[in-house]
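This note's numbering puts the first residue of the sequence shown at 124, with every later residue one more than the last. Positions of the beta carbon are idealized from the N, C-alpha and C atoms, including for glycine. To keep things clear, I will list the structure first and then write my remarks on it.
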Amino acid sequence: MSRIGNAPIEIPKGLKVKTEGQTIAVEGPKGKLSFDVPEPITFGIENEVITFKRPNDERNVRALHGMARAMTNNMVVGCSVGFKKTLEIIGVGYRAIVKGKNVDLTLGFSHPISYPLPEGVTAEVDKEGKLHLSSADKALLGSVAADIRRYRPPEPYKGKGVRYAGEHIIRKEGKARGKK
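Here you go:
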């Protein structure tokens with residue numbers, strides 16, 4: 124039995140949820156998102172609570188049941204509160220600057236990198252040089268953060284590069300000098 128799929132989703136105040144066929148659309152202070160629920164899964168909205176049901180216990184139907192509930196919950200949380208991801212840029216001369224809808228990254232290459240932010244994602248840099256990304260769409264936010272990290276992943280010797288906040292990098296010992 125799916126514990127995730129059976130959990131109801133409470134709709135917070137100030138959020139509008141519309142359904143049309145198998146599509147759920149959520150609108151709130153942080154944005155608008157929609158999701159097409161896969162065909163065998165049914166859903167209902169009663170008393171500001173969304174519930175999902177599945178017709179049988181086949182493996183792929185159980186997987187779709189949990190996924191539909193999780194995607195809808197991510198839309199509800201994203202449109203009401205929003206999601207944030209923080210990237211730490213570590214290294215001498217490494218920095219990020221937000222210019223309009225672009226993030227300009229200086230990561231030790233011979234040229235700066237200009238990353239265009241997709242619609243719905245905002246970025247800001249604090250005084251410590253950390254890049255804060257925020258969005259209502261959790262999947263899009265994770266994709267943007269992974270794209271930026273991919274330009275210069277943290278290296279294992281000094282730890283220089285772009286890493287997620289709180290990410291632990293396993294460090295290697297350098298060359299053993301003078302050992303005989």
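According to the Cβ coordinates, are L263 and V244 closer than 8 angstroms? Result yes, Cβ atoms of L263 and V244 sit closer than 8 angstroms.
According to DSSP, which residues form a beta bridge with H255? DSSP, once it has assigned bridges, lists T209 and E247 as partnering H255.
Decide yes or no for the touch test of the region 233 to 243 against the region 258 to 274: beta carbon pairs closer than 8 angstroms, at least 3 of them. Taking 8 angstroms as the limit for Cβ pairs, the verdict is that the region 258 to 274 does touch the region 233 to 243.
Per the DSSP calculation, K139 is bridged to which residue(s)? The partner list for K139 (beta bridge, DSSP) reads E150.
Alpha-carbon to alpha-carbon, G189 and R126: One C-alpha to the other measures close to 8 angstroms.
Drop a sphere of 10 angstroms on the beta-carbon of M124, count the other beta-carbons inside from all chains shown, and report buried for 16 or more, exposed for fewer. Bear in mind that the predicted position of M124 carries a pLDDT of just 49, short of 50, making it too unreliable to give a figure here.
Using 10 angstroms around the beta-carbon of P276, count the other beta-carbons present and answer buried if the total reaches 16, otherwise exposed. So P276 ends up on the exposed side.
Using the three-state DSSP reduction, which class does N225 fall into: helix, strand or coil? Reduced to three states, the DSSP call for N225 is strand.
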